[in-house]
Amino acid sequence: MSGSSSTSTLSIRSRLFGYLLLPLVLLLIASIWADHRTYVTPMYDMFDRALSHSAVAIAAHVHKASDGHLYVDRQDPGPPLVRAPGSSPLPPPPGDAPFDRDHPSEHFDPEYRPMSWMRLYSGARENFVYRISLADGSTLTGDPSLPVASGEIIDNLTYGEAEHAGLEFRLASYHTVVEGEPIVVTVAETVHRRDTVVRRLDTVVGLSDGIQLLLVLGLCLFGIRTALRPINRLREQIVHREPQSLQPLPLEPVPSEVRPLVESLNNLLMTVRDSTLAQQHFLTNAAHQLRTPLTGLKAQLEVLANETQDNAQQERISRLQGSVDRLAHTANQLLALARAEPSAHGPSDFVAIQLDSLIGAMVDSMLDRALANDIDLGAECEPVQVHGVYWLLHELLINLVDNALRHTPRGGDVTLRCGLHNGAPYLEVEDSGPGIAPAERERVRKRFYRSAGSDGQSSGLGLAIVEEIVRSHRAHLEILDAHKGTGARMRITFPRHD
Amino acid sequence: MRILLVEDDPLVSDAIVRGLATAGYVVDAVTDAESVQGRLDTTHYDLAIVDLGLPGEDGFTLVKRLRREGSPLPLLIVTARDGLDDRVNALDLGADDYLVKPFALPELAARCRALIRRATAAASNEMVVGRLRIDLAGRRAMDDAGRVLELTRREWSILECLAHHSGRVVSKERLIQAIVSWDEEISGNAIEVHVSRLRAKLGDAATVRGIRGLGYRLDDA
């Protein structure tokens, strides 16, 4: 249960965010891949072009000697790296002009040689090798183990890949003729170089796309939050309502999607309010219709008892009186129980109530009964206030004291207490009766439960009423042992004041 | 002592008339609020018992009307409703006490006696509690043999305060307020001393009952 509810009770905000996050991450991956595809081919082309420039440049240094052999004039020291004072300014360094496949440069001016050429002459680097081979496959100069690129010849150039000295190399071979002698200049550089550049680009693109994604997510979060604000406001309104409030919720700040929900909730609230009013009306009528004839019956029996001299008749009347009293008691209890139900009172009935004065008023009305049974009814009160329905708390106390008086033998005592315990207001009724066995304590709270030793007067509703009233006050009832002796101690703890 | 009963239920009405007759009251019963005025114009009543749930004009309206017309008649409400609003309304409108149905006849008789006693005291400056006659104007109390009790000023104030609320619990704080002037201080223990002296002087003419943790109540005997 808990597992499924935890997934189904995700907030709309996190759901929206979750649904956005997955496609956005997929989009990020797709866009990085697309970017990679866009630049990787031109990038490799560019590297190939630079490689072919090197081959062309090297070819320009191949000459035919007077003996008919070809040689490479390697002695070109290159331009001075540091300009001598007073000398003419150097021409600007060559840009890496786009390679014109239709008109490859036949002539290579050493003044404008590309960087790769300089590297060739400043001592071959590990990642750059070359070879000048003749038509018969023999090597004029360079690394003889370097193969000639075997691809299709376009503009005298072929490209290819080969493994050389344990490394992946990219080859460019320039097929040309030097003074009637066909030669092939092959240059090669490690693939690692271009891969490093591409990887670096990938990283940069990935980072910038990632940052974009984060920004978009941030905006989404902000947007979701802003869009859900009316719903949050509605939530706040519902949370901060009085628990028993039946006031309709305002439709004003509610977005159209949620409006039907609020409207049906309001309809429900209205129905509940109508039925509450109907119930209150019914209870008033029921109370009148029940109590008036009972009053007549009870009073008539009292008159009859006074007027009758016959002992047998007296006895009968007294039994009748007992039954009528019990009927009246049950009717009162049932009415009280119905009145105690949360639907029978509204939030406006909750007021500040001084528990000590409530106890004072209570003892005043029960004193005669206590004195008639020779029970010492008293109180130990500290001034304390609770938020409650006056007549319900009055009814609660009547029932507790009624129970206590019922179960206390002649000469016993019943004590009412109120005060603060750990900051929470409490109300307590303690008697010196036989007490309630721990095993019975749960059962006595049930409606119509009557313990084995209870007298004929008990309706079994007293504690059920107390329980109902306690619940509507968000308090709780504990059945405890008396401080001294065997009796029961009923304790009601109210919620702490804010 | 004559009481006017406004009650529409014949069974209840008949029982109250008979029951209060045993307690020494003459009761005239009417069944609706409209008949009340005619009775009041021709007869002097010491008390009216009014049922709230009357046909036609209800008990609330009757109480309100009587008080608006300035009638000093003590009014005891009997009602089948137990909601607080009803009680508060009835008392706010000018009723002197209320009793929720179903009640026992002795309780009704006791309430009637207390209300009539209070009204009589206001009119004649004299109160009778049990066998004790309290002369409010002369500030003295005597038993039924006409013997005047020798009371100190504070004992008299306590008796007067208890007598005004006889049958009801009076808190210690209230008694302290009744006996001390603004510059005096008095403890709860001092009250106990005064009360026990008062008790001794009252003898069996009336009883001052101590209610644990709450205060004192003056009873008939």
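Those protein sequences? They're chains A and B, same order as listed.
Those letters in the first sequence? Residues 1 to 498, by UniProt numbering.
Those letters in the second sequence? Residues 1 to 221, by UniProt numbering.
Positions of the beta carbon are idealized from the N, C-alpha and C atoms, including for glycine.
Predicted model only: the values in this text are computed from it and were never measured.
ask   = In chain A, which residues lie less than 7 Å from proline 102 of chain B when you measure between Cβ atoms?
value = Taking the first residue of the second sequence as position 1, residue 102 of chain B is located at position 102. Here the neighbours are Arg291, Leu294, Thr295, Lys298 and Ala328.
request  = State the start and end residues of the unbroken alpha helix (DSSP H) segment that holds arginine 13 of chain A.
outcome  = Within the first sequence, the letter at position 13 stands for residue 13 of chain A. Start and end: 12–59.
ask   = Distance, Cα to Cα, arginine 111 of chain B vs alanine 23 of chain B?
value = Sequence index remark: in the second sequence, residue 111 of chain B carries index 111 (1-based). Sequence index remark: in the second sequence, residue 23 of chain B carries index 23 (1-based). Whole-angstrom Cα-Cα distance: 12 Å.
task = Check whether the Cβ of alanine 109 of chain B lies closer than 8 Å to any Cβ atom in chain A.
result = One-based indexing of the second sequence puts residue 109 of chain B at position 109. Judged by the 8 Å Cβ criterion, alanine 109 of chain B is not in contact with chain A.
query = Who are the neighbours of asparagine 306 of chain A on chain B, taking C-beta pairs under 7 Å?
reply = Counted from its first residue, the first sequence places residue 306 of chain A at position 306. Chain-order list of chain B residues neighbouring asparagine 306 of chain A: Thr22, by C-beta distance under 7 Å.
task = State buried or exposed for glutamate 111 of chain A, treating a residue as buried only when at least 16 other CB atoms are found within 10 Å of its CB.
result = By one-based count along the first sequence, residue 111 of chain A stands at place 111. In this prediction, glutamate 111 of chain A has a pLDDT of 43, which is less than 50 and means its spatial position is unreliable; nothing more can be read from the coordinates.
message = Helix, strand or coil for glutamate 7 of chain B? Go by DSSP, reduced to three states.
response = As a first step, residue 7 of chain B is located in the second sequence; it is residue number 7 there, counting from the start. Three-state result, glutamate 7 of chain B: coil.
request  = Could you tell me how far apart the beta carbons of leucine 392 of chain A and serine 472 of chain A are, in whole angstroms, since I believe they sit closer than 8 Å?
outcome  = Taking the first sequence and counting its residues from 1, the one referred to as residue 392 of chain A is at position 392. Taking the first sequence and counting its residues from 1, the one referred to as residue 472 of chain A is at position 472. About 7 Å separates the two Cβ atoms, so the contact holds.
ask   = Around the Cβ of residue 236 of chain B, are there at least 16 other Cβ atoms within 10 angstroms (buried) or fewer (exposed)?
value = Outside the shown range of chain B, which is 1 to 221, sits residue 236 of chain B, and nothing can be said about it.
Nonlocal neighbours in the same chain, by C-beta distance under 7 Å from proline 85 of chain A, ignoring five residues either side = What you label residue 85 of chain A is simply residue 85 of the first sequence in a count that begins at 1. Interpretation of proline 85 of chain A is limited by its pLDDT of 47, a score under 50 that renders its predicted location unreliable; the figure taken from the coordinates is listed afterwards. None.
ask   = Along chain A, in chain order, which residues have C-beta atoms closer than 8 Å to that of serine 157 of chain B?
value = One-based indexing of the second sequence puts residue 157 of chain B at position 157. Those within 8 Å of serine 157 of chain B in chain A number zero; the least Cβ separation is about 21 Å.
ask   = Which residues mark the beginning and the end of the alpha helix (DSSP H) in which leucine 246 of chain A is found?
value = To locate residue 246 of chain A, count along the first sequence from 1; it is residue 246. Counting along the chain, no alpha helix (DSSP H) covers leucine 246 of chain A, and no H or E run does either.
key: With 16 other Cβ atoms within 10 Å as the buried cut-off, status of aspartate 100 of chain A   = Taking the first sequence and counting its residues from 1, one reaches residue 100 of chain A at position 100. For aspartate 100 of chain A, the predicted model reports a pLDDT of 48, less than 50, meaning its position is unreliable and no value from the coordinates is stated.
inquiry  = So if I threshold CB-CB distances at 8 Å, which residues from the region 167–185 of chain B count as touching chain A?
reply    = Those residues of the region 167–185 of chain B placed with their C-beta closer than 8 Å to a C-beta in chain A are Arg168, Val169 and Ser171, ordered along the chain.
task = At 3 residues or longer, and completely inside the region 363–442 of chain A: list those beta strand (DSSP E) runs for me, N to C.
result = Within the region 363–442 of chain A, the complete beta strand (DSSP E) runs of at least 3 residues are 376–381, 385–389, 413–421 and 424–431.
query = Within 10 angstroms of its Cβ, does aspartate 109 of chain A collect 16 or more other Cβ (buried), or is it exposed?
reply = The residue given as residue 109 of chain A occupies position 109 in the first sequence. With a pLDDT of only 44 at aspartate 109 of chain A, under the threshold of 50, the placement of this residue in the model should not be trusted; the figure read from the coordinates follows. Taking a 10 Å sphere around the C-beta of aspartate 109 of chain A, we find fewer than 16 other C-beta atoms and assign the residue as exposed.
inquiry  = Going by beta-carbon coordinates alone, are leucine 405 of chain A and isoleucine 375 of chain A separated by less than 8 Å?
reply    = Position 405 of the first sequence holds residue 405 of chain A. Position 375 of the first sequence holds residue 375 of chain A. Against a cut-off of 8 Å, the Cβ pair of isoleucine 375 of chain A and leucine 405 of chain A comes out as a contact.
request  = Go to serine 173 of chain A, then tell me how far its beta strand (DSSP E) extends in each direction, as first and last residue.
outcome  = The residue you call residue 173 of chain A lines up with position 173 of the first sequence. Secondary structure note for serine 173 of chain A: its beta strand (DSSP E) is the uninterrupted segment 167–178.
request  = Just mark serine 52 of chain A as buried or exposed, buried being the case when its beta carbon has 16 or more other beta carbons within 10 Å.
outcome  = Start at 1 with the first residue of the first sequence, and residue 52 of chain A comes out as number 52. Buried, since its Cβ has 16 or more Cβ neighbours within 10 Å.
request  = Return the residues of the region 367–388 of chain A that lie within a Cβ-Cβ distance of less than 9 Å from chain B, sorted by chain order.
outcome  = For the region 367–388 of chain A, residues whose beta-carbon sits nearer than 9 Å to a beta-carbon of chain B comprise Leu367, Asp368, Leu371, Asp376, Leu377, Gly378, Ala379, Glu380 and Cys381.
ask   = Should lysine 298 of chain A go down as buried or exposed, given a rule of 16 or more other Cβ atoms within 10 Å for buried?
value = Along the first sequence, read from residue 1 onward, the residue named residue 298 of chain A stands at position 298. By the neighbour-count rule (16 or more Cβ atoms within 10 Å), lysine 298 of chain A is buried.
inquiry  = Going by beta-carbon coordinates alone, are threonine 196 of chain A and phenylalanine 169 of chain A separated by less than 8 Å?
reply    = Translated into the one-based positions of the first sequence, residue 196 of chain A becomes position 196. Translated into the one-based positions of the first sequence, residue 169 of chain A becomes position 169. No, the pair does not count as a contact, with Cβ atoms beyond the cut-off.
Those runs of the beta strand (DSSP E) which lie wholly inside the UniProt domain "Response regulatory" (2–116) of chain B and span at least 3 residues = If only uninterrupted beta strand (DSSP E) runs of at least 3 residues are considered, those enclosed by the UniProt domain "Response regulatory" (2–116) of chain B are 2–6, 26–30, 47–51, 75–79 and 97–100.
message = Spatial neighbours of residue 502 of chain A within its chain, please: C-beta separation below 7 Å, excluding the five flanking residues on both sides.
response = Only positions 1 to 498 of chain A appear in the structure, and residue 502 of chain A is not among them; the question remains open.
message = Run through chain A and tell me which residues come within less than 9 Å of glycine 59 of chain B, C-beta to C-beta.
response = Numbered from its first residue, the second sequence carries residue 59 of chain B at position 59. Residues of chain A passing the Cβ test: none, with the nearest at roughly 12 Å.
message = Going by C-alpha to C-alpha distance, which of A/Ile436, A/Arg193, A/Ile32 and A/Asn267 sits closest to leucine 207 of chain A?
response = If you number the first sequence from 1, residue 207 of chain A lands on position 207. For leucine 207 of chain A, the nearest C-alpha among the options comes from A/Ile32.
inquiry  = For leucine 47 of chain B, tell me which candidate among B/Ala15, B/Ala163 and B/Val27 has the shortest Cα-Cα distance.
reply    = What you label residue 47 of chain B is simply residue 47 of the second sequence in a count that begins at 1. It is B/Val27 whose Cα lies nearest to the Cα of leucine 47 of chain B.
ask   = Between B/Asp9, B/Gly130 and B/Asp219, which lies nearest to arginine 168 of chain B when the distance is taken from Cα to Cα?
value = The count along the second sequence starts at 1 and reaches residue 168 of chain B at position 168. Of B/Asp9, B/Gly130 and B/Asp219, the residue nearest in Cα terms is B/Asp219.
message = Using 8 Å for Cβ pairs, my map puts leucine 214 of chain B next to glycine 485 of chain A. What's the rounded Cβ distance?
response = Working through the second sequence from its first residue, we reach residue 214 of chain B at position 214. Working through the first sequence from its first residue, we reach residue 485 of chain A at position 485. No, leucine 214 of chain B and glycine 485 of chain A are not in contact; Cβ-Cβ is about 21 Å, not under 8 Å.
query = Ordered along the chain, which non-local residues of its own chain (more than five positions away) have a Cβ less than 7 Å from that of glycine 56 of chain B?
reply = Here the question's residue 56 of chain B lines up with position 56 in the second sequence. Asp32, Ala33 and Glu34.
key: Contact list for valine 12 of chain B against chain A, beta-carbon separation under 7 Å   = As a working mapping, residue 12 of chain B is identified with position 12 in the second sequence. Neighbours of valine 12 of chain B on chain A, chain order: Thr292, Thr295, Gly296 and Ala299.
message = Excluding the 5 residues flanking histidine 421 of chain A on each side, which residues of the same chain have their C-beta closer than 8 Å to its C-beta?
response = Indexing the first sequence from 1 puts residue 421 of chain A at position 421. Within the same chain, histidine 421 of chain A has close Cβ partners Thr493.
query = What are the start and end residues of the beta strand (DSSP E) that includes leucine 140 of chain A?
reply = Reading the first sequence from its first residue, position 140 is the one you call residue 140 of chain A. That run of the beta strand (DSSP E) goes 139–142.
key: Pairwise C-alpha distance: isoleucine 211 of chain B and leucine 175 of chain B   = Looking up residue 175 of chain B in the second sequence gives position 175. Looking up residue 211 of chain B in the second sequence gives position 211. Between leucine 175 of chain B and isoleucine 211 of chain B, the alpha-carbon positions lie close to 13 Å from each other.
ask   = Which residue or residues does DSSP assign as beta-bridge partners of glutamate 189 of chain A?
value = Residue numbering aside, residue 189 of chain A sits at position 189 when the first sequence is read from its first letter. In DSSP, glutamate 189 of chain A forms a bridge with A/Phe128 and A/Arg170.
request  = Might you give, ordered along the chain, the residues of its own chain that have their beta carbon closer than 8 Å to the beta carbon of leucine 283 of chain A, omitting 5 neighbours on each side?
outcome  = Residue numbering aside, residue 283 of chain A sits at position 283 when the first sequence is read from its first letter. Contacts found: Leu335, Ala338, Arg339 and Ala344.
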